[in-house]
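A.B. asks:
Residue numbers (the numbering used here): 3 to 207.
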């Protein structure tokens with residue numbers, strides 16, 4: 003019997019998108035189950051049984067149930083991907099762990115928060131979110147001037163983890179023009195086999 007793989011997701015969530023993106027890049031079939039975040043489905047007992055923190059995404063892969071986008075990327079990389087996506091050599095592994103931390107901290111509190119304010123009307127400090135966005139993008143611009151990918155010479159889960167909220171930064175009114183190397187990095191990732199955009203354009207009959 004084929005293994006059942008389900009991804010509990012929210013279409014406007016960058017964290018959900020990074021998992022959907024990596025699943026597509028790995029060519030793994032899955033069923034996407036949209037969680038009604040606006041209706042509070044993520045805070046009700048059936049979903050809380052999957053993730054007591056009430057957050058998307060959640061991956062159910064056979065008998066494995068796993069929450070947190072960074073953790074899911076690590077799981078998928080070690081279980082299904084080529085070793086280059088998450089090498090176990092001490093230095094690159096540590097460097098990838100650092101970028102996963104940046105995705106959850108500097109990027110989350112910078113570009114992702116700026117987008118929360120403009121797209122979802124979150125009552126947060128817009129000036130602070132913009133200051134943090136400039137700081138992390140300035141750092142990434144410098145880093146990517148020296149290399150094409152965040153770690154090493156090939157794409158890794160670090161790139162997938164950091165991609166969504168950097169790509170979505172303009173939705174938070176973050177100006178990307180001062181960061182041409184970051185924009186080139188975004189384009190390189192979007193050119194990889196299996197890439198899917200976050201938003202699927204509407205089709206007309």
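Think of the CB as a built atom: it goes at the ideal place given N, C-alpha and C, for glycine as much as any other residue.
Only counting the same chain, and skipping five residues up and downstream in sequence, which positions put a Cβ closer than 8 Å to that of residue 21?
C.D. replies: Looking up residue 21 in the chain shown gives position 19. Same-chain partners within the cutoff: 9, 11, 59, 61, 71, 74, 75, 78.
A.B. asks: Between residue 47 and residue 53, what straight-line distance do the alpha-carbon atoms span, to the nearest angstrom?
C.D. replies: Here residue 47 corresponds to residue number 45 of the chain shown, with the count starting at 1. Here residue 53 corresponds to residue number 51 of the chain shown, with the count starting at 1. If you take the alpha carbons of residue 47 and residue 53, they lie about 10 Å apart.
A.B. asks: Tell me, please, which residues DSSP counts as bridged to residue 84.
C.D. replies: The sequence position of residue 84 within the chain shown is 82, counting from 1. Answer is none; residue 84 lacks a bridge partner.
A.B. asks: Measuring alpha carbon to alpha carbon, tell me which of 44, 93, 172 ends up nearest residue 139.
C.D. replies: As a first step, residue 139 must be located in the chain shown, where it is residue number 137. Nearest option by C-alpha distance: 172.
A.B. asks: Helix, strand or coil: which one does DSSP assign to residue 158?
C.D. replies: By 1-based counting over the chain shown, the position of residue 158 is 156. Three-state result, residue 158: coil.
A.B. asks: Nearest CA to the CA of residue 123: which residue from 174, 187, 169, 108?
C.D. replies: Counting from one through the chain shown, the residue named residue 123 turns up at place 121. Minimum Cα distance to residue 123 is reached at 174.
A.B. asks: What runs of the alpha helix (DSSP H), each 4 residues or longer, lie entirely inside the stretch 25 to 62?
C.D. replies: For the stretch 25 to 62, whole alpha helix (DSSP H) runs of length 4 or above, ordered along the chain, are 47 to 50.
A.B. asks: Under 8 Å: do the stretch 146 to 166 and the stretch 86 to 104 share three or more Cβ pairs, one atom per stretch?
C.D. replies: Output reads yes: the stretch 86 to 104 touches the stretch 146 to 166.
A.B. asks: Return the Cβ separation of residue 105 and residue 119 in integer angstroms, given the expectation that the two are a contact with Cβ distance under 8 Å.
C.D. replies: Numbered from its first residue, the chain shown carries residue 105 at position 103. Numbered from its first residue, the chain shown carries residue 119 at position 117. Incorrect: roughly 19 Å between the Cβ atoms, too far for contact.
A.B. asks: Thinking residue 82 and residue 152 are a contact (beta carbons under 8 Å), I'd like their distance in whole angstroms, please.
C.D. replies: As a working note, residue 82 is residue 80 in the chain shown. As a working note, residue 152 is residue 150 in the chain shown. 21 Å between Cβ atoms; not a contact.
A.B. asks: I need the DSSP call for residue 198, collapsed to helix, strand or coil.
C.D. replies: Taking the first residue of the chain shown as 1, we reach residue 198 at position 196. DSSP places residue 198 in coil when its eight states are reduced to three.
A.B. asks: What residue from 15, 63, 149, 30 has the CA that sits closest to residue 6's CA?
C.D. replies: Counting from one through the chain shown, the residue named residue 6 turns up at place 4. Out of 15, 63, 149, 30, 63 has the C-alpha closest to the C-alpha of residue 6.
A.B. asks: Which residues in the same chain as residue 25 place their Cβ atom closer than 6 Å to its Cβ, once the five residues preceding and following it in sequence are excluded?
C.D. replies: Reading the chain shown from its first residue, position 23 is the one you call residue 25. Cβ within range, chain order: 32.
A.B. asks: In angstroms with no decimal places, state the Cα-to-Cα distance between residue 154 and residue 165.
C.D. replies: The sequence position of residue 154 within the chain shown is 152, counting from 1. The sequence position of residue 165 within the chain shown is 163, counting from 1. Distance between the alpha carbons of residue 154 and residue 165 is about 16 Å.
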